[in-house]
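Notes for the one structure printed next.
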Amino acid sequence: MHSSAVFLIEFGAIILGLGLLGRFAGRFQFSPIPLYLLAGLAFGEGGLLPLGASEEFVAIGAEIGVILLLLMLGLEYTASDLVSNLKTQYPAGLVDAALNAVPGAVMALLLGWGPVAAVVLAGVTWISSSGVIAKVLGDLGRLGNRETPVILSILVLEDLSMAVYLPIVTALLAGAGLAAGSATLAIALGVAGLVLLLAVRYGRHISRFVSSDDPEKLLLVVLGLTLVVAGLAQQLQVSAAVGAFLVGIALSGEVAEGAHNLLAPLRDLFAAVFFVFFGLHTDPASIPPVLLPALALAVVTACTKIATGYWAAKRAGVSVKGRWRAGGTLVARGEFSIVIAGLAVTAGIEPSLGPLATAYVLILVIVGPLTARYTEPLATRVTRWRTGRSAAAVPAGPEGGEVPAESATDAAADPAYDAVDGRDVLGRS
Numbered sequence: 148m149h150s151s152a153v154f155l156i157e158f159g160a161i162i163l164g165l166g167l168l169g170r171f172a173g174r175f176q177f178s179p180i181p182l183y184l185l186a187g188l189a190f191g192e193g194g195l196l197p198l199g200a201s202e203e204f205v206a207i208g209a210e211i212g213v214i215l216l217l218l219m220l221g222l223e224y225t226a227s228d229l230v231s232n233l234k235t236q237y238p239a240g241l242v243d244a245a246l247n248a249v250p251g252a253v254m255a256l257l258l259g260w261g262p263v264a265a266v267v268l269a270g271v272t273w274i275s276s277s278g279v280i281a282k283v284l285g286d287l288g289r290l291g292n293r294e295t296p297v298i299l300s301i302l303v304l305e306d307l308s309m310a311v312y313l314p315i316v317t318a319l320l321a322g323a324g325l326a327a328g329s330a331t332l333a334i335a336l337g338v339a340g341l342v343l344l345l346a347v348r349y350g351r352h353i354s355r356f357v358s359s360d361d362p363e364k365l366l367l368v369v370l371g372l373t374l375v376v377a378g379l380a381q382q383l384q385v386s387a388a389v390g391a392f393l394v395g396i397a398l399s400g401e402v403a404e405g406a407h408n409l410l411a412p413l414r415d416l417f418a419a420v421f422f423v424f425f426g427l428h429t430d431p432a433s434i435p436p437v438l439l440p441a442l443a444l445a446v447v448t449a450c451t452k453i454a455t456g457y458w459a460a461k462r463a464g465v466s467v468k469g470r471w472r473a474g475g476t477l478v479a480r481g482e483f484s485i486v487i488a489g490l491a492v493t494a495g496i497e498p499s500l501g502p503l504a505t506a507y508v509l510i511l512v513i514v515g516p517l518t519a520r521y522t523e524p525l526a527t528r529v530t531r532w533r534t535g536r537s538a539a540a541v542p543a544g545p546e547g548g549e550v551p552a553e554s555a556t557d558a559a560a561d562p563a564y565d566a567v568d569g570r571d572v573l574g575r576s
C-alpha cells in the first residue's frame, strides 16, 4: 500500500479513536486524558500494534498541542494579572521547589545513582505538567475559579524556573566548565526576561498589531506568532510553553476573546494528539522492573503537591474547598519531566533513570486528573466524618442540650458552600 495511504489510514484511525474515547469519557463525566494515554501505550513501542507511517506527524502534532494548551491558558489572563500573581505567589514557588524536588533527589541518592542523577530526578519530580493541568482545568470548567490564578502562578514559576534549571542540568550532564555553564545560563535568563518584559510592557501594541475583523486573518496571525515565539524560545534554551503562554497574556480584550473562540477546536485536537504521543513512546516492558520505586515516589510527591497547592491557596485567601482543588490539580507530571529525563538518558548517566521517570510520569499523568476531580470531595467527606465523630463525643450541656459548635471547617463541609466565590447560597463568607 502507498505510504501516503497508510499515513491517512493510521492518522484517521487515531483521530477517530480519540473521538470515541472522548465521547465515552464525557458520558461518565470523566477526563479523557488517562484514556488517551492508555491508547498510546497500546499502539506504541512494545504495544499491541505499533504505528509507523504517521509517527513523525504525531510527534509534530504533540508539540503543537502543548503550545496551544499554554497559549489558551495565557489568553485567560492579562499581563497585569500575571505580574500581580507572581508578586504575591513567589513564596509558593519556593515551597513548591523545596517540597517536590527533594524527594526525587533523595530517591536517586538512595538508589546509588550519584549527585548528577539526583539533580535530574529532582527536576522530574518538581515540575507539574502545564499541558495536562491546562486541559484538566478546561475539562472540569474551573478556569474561572478563585484558586485557578494560584495554580497558574505556580505553573508559570515552574516554567520560568526551567530557564535556569535546564542550562544547569545540560552543563552537568556534559561536564562543562564553570565559564561555559555560566554563559549558557546568562543567555537563558536574558531571553526569558526580555520576552516577559515585552509581554508586560507592550501587550497593547501587540494586540493592536494582531487585531483583525476577519476571523481567518486573526487565526493565521495569532497561530503563526505563537509558533514563531515558541520556536525561538525553545531554540534559545527557554521553554516553548513559556513563550506560548507569554503570547497569550500579551493579547487582551476582544483580540483575546476572538482568538480563544477560534483556537479552541484546534487546541482540543492537538492536545489529544500530545497525550497519545506520550503513550506511544513508553514501552510497557520497561515499566515493571522500576514500578515499585516509581510508585513510592509518586505517592510521596502527590502528597507534597497537594500540600503545596493547599498552602498557596490558603495564603491567597481561597476557601477550604478551593485549597483542596488547587492541591489536587497540581499533582500531574508530564512533558517537562520527560524532557529532563530524556537529557539524562541521552547522556547515559544511569540506565534505569529513564524507565523510572517514564513509569513515574505515567502514574501521575493518569492519577493527576483523578486527584484534580476527587481530592476536594474526598477531603469534604473526611471533614464531615470527623466533624460527626467530634459532635458525637461532645457531652450534653447543663440543660440536656448539645454544646453548640461552629467553625470554618463546618462552613467548608456545608453542601450549600459555593466553591467558586467562597460564599454559600445565603451569602455567608
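Residue numbering for the sequence shown is 148 to 576, as defined by our numbering.
Beta carbons: idealized from backbone N, C-alpha and C, even for Gly.
Secondary structure of V465 (DSSP, three-state): coil.
Straight across, the Cα-Cα distance linking S484 with R531 is about 37 Å. For the pair T534 and M309, the Cα-to-Cα distance works out to about 43 Å. As the crow flies, the alpha-carbon of A539 is around 15 Å from that of V529. About 4 Å separates the CB atoms of A387 and A377; that is less than 8 Å, so the two are in contact. Where V486 is concerned, the enclosing alpha helix (DSSP H) starts and stops at E482 to A494. In this structure, the beta-carbon distance from L258 to L410 does not fall below 9 Å.
An exposed status is given to N408, since fewer than 16 other beta-carbon atoms sit within 10 Å of its beta-carbon. A Cβ-Cβ contact shorter than 9 Å links R480 with G515.
L477 and S358 have their alpha carbons spaced roughly 34 Å apart.
Cα atoms of F424 and S537: separation of roughly 50 Å, rounded to the nearest angstrom. Distances from the alpha-carbon of G501 to those of G187, L438 and P314 put L438 closest.
Per DSSP, the continuous alpha helix (DSSP H) segment holding G405 begins and ends at G400 to L427.
With respect to A519, R472 sits close: the two C-beta atoms are nearer than 9 Å. Taking 9 Å as the cut-off, the Cβ atoms of V420 and I211 count as close. Straight-line measurement puts the Cα of L256 at about 10 Å from the Cα of P250. Separation of L220 and R414 (C-alpha to C-alpha, rounded to the nearest whole angstrom) is 11 Å. If you draw a 10 Å sphere on the C-beta of E203, you find fewer than 16 other C-beta atoms in it, and that means exposed.
Here L427 is near F190, since their CB atoms are less than 9 Å apart. Secondary structure note for D286: its alpha helix (DSSP H) is the uninterrupted segment S277 to D286. Counting the other CB atoms within 10 Å of its CB gives Q382 a total below 16, which places it among the exposed residues. If you check the CB distance, I513 and L374 do not come in under 9 Å. For I156, the uninterrupted alpha helix (DSSP H) segment begins and ends at S150 to R174. A248 is positioned such that its CB atom lies closer than 9 Å to that of A269. Close CB contacts of I156 within its chain, under the 6 Å cut and outside five residues either way in sequence, are absent. Here D243 has I301 and T455 as same chain residues with Cβ atoms under 6 Å from its own Cβ, once five neighbours each way along the sequence are excluded.
An exposed status is given to I207, since fewer than 16 other beta-carbon atoms sit within 10 Å of its beta-carbon.
Under the DSSP assignment, V266 falls in the alpha helix (DSSP H) whose first and last residues are P262 to W273. Three or more pairs of CB atoms, one per stretch, sit closer than 8 Å, so the region 271–280 contacts the region 490–508.
Assignment of R293 by DSSP, reduced to helix, strand and coil, places it in the coil class. Annotated three-state conformation of L372 is helix, per DSSP. Around the C-beta of P238, fewer than 16 other C-beta atoms lie within 10 Å, and the residue is accordingly described as exposed. 9 Å or more divides the Cβ of V267 from the Cβ of L307.
The Cβ atoms of L182 and A172 sit closer than 9 Å to each other.
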